[in-house]
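As structure tokens, this is what we get:
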């Protein structure tokens, strides 16, 4: 005989968690009975608890995980599995497909009739998640327009009669407008489309007469859409609410962070706002955790470069410095090298600002200057934690550099990034910081300079006859028949660019005895570069040429990303 578990009343759960008092519980029960309203909704309406508190309490009540739909961008393809009328009748929202299961947010996750009907309609095994009535109602209001174009969504927003051009409205008015379903749908659409396009950043920029939205795809900014300028306060307020920023503050820059689901993908978003003469600009950096592949072979097609990196990261001590401009993929390379030595017999500790990806078996420390946790301060404490390998997000100052070098000289493997243009220039940068030459020569094992360049689209690339002048610019000399070069012709897969995705090119400067002696004598960069070349060192330009010859990218991409040192 089946045993039916008696559910603990929601009010009692909230009282036991210390969120409401007995008197408040009696009050909301009376209001709920009088108005025929669910107790959870009453509690939120009177301000005794939040929607998230209610969802957590419901999860305890039902013994089923809770979910906040406001933290999810609904997938239109998943929504199509359940007819809108069915969703409204049972108060359910399909969220994500995982294998043969369909995750569904439900107001009543114990409604077996609803679950059975959803199973028959979709053919999937239904996994219920509990949510609140307000969350379901908000999601249902977006249900019918998920496939709408941006133009249709903008028209819907304008139909609400928004007129906030002056941007001087009270915070409560801005918050109300930002909560409009059409505004929510517009902001969600901008983010979800950026994820689908593989964008790393979204730029929302007010201009004199328009609100420009641009996506950075494969390192290049592309204009996506121009919105009416009067929508700027509503869109910015919605995004700031998502990032938990102060919507009333428009004069100062602000930084925030939030995680949102797009289908089944967790997208970590870093938000930055900046006041301009035409209003606040917002930039969102998208970190797709599901796309992070920490395999060395995914970094570059040049296997001999990979072999060198594999050898140097297996050394028991010394410093590996990864250098390049912002957006050149330094952090990904550092994580990948760290992953190669991430074994149970090693103690790995990192100090980062921010921690971009969570790595298993790695103790990651987040810089927090507000409470005194700086790179240098955290590093001092890390060295007391018996580490084998230390990763430093970035060496920015002399103090951090000195502690890192001390760690490398006392039996630790140190991996860090530093902002310089190339590997040889990193030596000058360290000396300019005030680090003594003997410390640089003793501690640094190798310096890796890198760039990310766009790859040829596999769907539309074809061979062509190369321009002799372009070959000359690259410094490529050959006898007899020229090598085969490729270029993209443009297709729907690459949106006409002829290029899709990015690949890394790396120069690896090994600090051998010859280079050490040059560092000790403070030799100029040109002398160090010449000595390194005699030992087989290949510059970024040279590595780029090899990548072109292997058919992975174009001459133009290499010329743009690298500089000639001839």
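Numbering (our numbering), first residue to last: 2 to 567. The beta carbon of each residue, even a glycine, is placed where N, CA and C say it ideally should be.
#1: For the stretch 310-329 against the stretch 447-454, are there 3 or more C-beta pairs whose distance is under 8 Å?
#2: Taking just the CA atoms, how far does residue 541 sit from residue 378?
#3: For residue 487, does the three-state DSSP call read helix, strand or coil?
#4: Where does residue 279 fall in DSSP's three states?
#5: Pairs of beta-carbons, one from the stretch 436-448 and one from the stretch 312-319, closer than 8 Å: are there three or more?
#6: Go ahead and pull the three-state DSSP assignment for residue 107.
#7: Take every Cβ of the stretch 202-218, pair it with every Cβ of the stretch 293-312, and state whether three or more of those distances are shorter than 8 Å.
#8: On the criterion of 16 or more Cβ atoms from any shown chain inside 10 Å, does residue 322 qualify as buried, or is it exposed?
#9: Using 8 Å as the threshold, is the C-beta distance between residue 270 and residue 252 below it?
#10: With distances taken Cα to Cα, identify the nearest neighbour of residue 343 among 320, 296, 369 and 40.
#11: Reducing DSSP to helix, strand and coil, say where residue 91 ends up.
#12: Starting from residue 364, trace the beta strand (DSSP E) in both directions and tell me its first and last residue.
#13: With residue 20 as the anchor, note down where its alpha helix (DSSP H) starts and where it stops.
#14: Quick one: is the Cβ of residue 124 within less than 7 Å of any heavy atom of the ligand GDP?
#15: List the whole-angstrom C-beta distance separating residue 457 from residue 555, where the pair is believed to meet the contact cut-off of C-beta under 8 Å.
#16: For the candidate residues 111, 70 and 384, whose alpha-carbon lies nearest to that of residue 189?
#17: Tell me which residue opens and which closes the alpha helix (DSSP H) that residue 378 is part of.
#18: Who are the Cβ neighbours of residue 57 in its own chain at under 7 Å, not counting the five residues just before and after it?
#19: Please determine, among 361, 486 and 558, the residue with the shortest C-alpha to C-alpha distance to residue 501.
#20: Report buried or exposed for residue 277, applying the criterion of at least 16 other Cβ atoms within 10 angstroms of its Cβ.
#21: Three or more C-beta pairs under 8 Å: does that hold for the stretch 350-365 against the stretch 389-409?
#22: Counting Cβ pairs closer than 8 Å, one from the stretch 96-116 and one from the stretch 10-28, do we hit at least three?
#23: What would DSSP say about residue 227, mapped onto helix, strand or coil?
#24: In terms of residue numbering, what span does the alpha helix (DSSP H) encompassing residue 518 cover?
#25: For residue 200, which residues in the same chain have their Cβ closer than 7 Å to its Cβ, ignoring the five residues on either side in sequence?
#26: Rounded to the nearest angstrom, what separates residue 307 and residue 505 at their Cα positions?
#27: Starting from residue 324, follow its DSSP beta bridges and name the residues at the other end.
#28: Does residue 506 come out as helix, strand or coil in the three-state DSSP assignment?
#29: Starting from residue 1 and walking both ways along the alpha helix (DSSP H), at which residues does that stretch end?
#30: Pick out whichever of 347, 464, 429 and 187 has its Cα sitting closest to the Cα of residue 413.
#31: So residue 104 and residue 130 are supposed to be a Cβ contact under 8 Å. How far apart are they, rounded?
#32: Just list the residues that DSSP pairs residue 351 with in beta bridges.
#33: Can you give me the start and stop residues for the beta strand (DSSP E) that residue 114 sits inside?
#34: Distance check for residue 368 and residue 533, CA to CA, integer angstroms please.
#35: So within the stretch 172-197, which uninterrupted alpha helix (DSSP H) runs reach at least 4 residues, ignoring any that extend past its ends?
#36: Per DSSP, what kind of secondary structure is residue 273 in: helix, strand or coil?
Quick look at the numbers:
#1: yes
#2: 34 Å
#3: strand
#4: coil
#5: yes
#6: strand
#7: no
#8: buried
#9: no
#10: 296
#11: helix
#12: 363-367
#13: Careful: residue 20 lies outside any alpha helix (DSSP H) and carries neither H nor E.
#14: Within the structure as shown, the ligand GDP is missing, as the structure has no ligands at all.
#15: 7 Å
#16: 70
#17: 376-383
#18: 67
#19: 558
#20: exposed
#21: yes
#22: no
#23: strand
#24: 514-521
#25: 216, 217, 218 and 287
#26: 11 Å
#27: 419 and 450
#28: strand
#29: With the chain covering 2 to 567 only, the question about residue 1 has no answer from this structure.
#30: 347
#31: 6 Å
#32: 365 and 392
#33: From DSSP, residue 114 is part of no beta strand (DSSP E) but of the alpha helix (DSSP H) over 113-123.
#34: 36 Å
#35: 172-179 and 182-197
#36: strand
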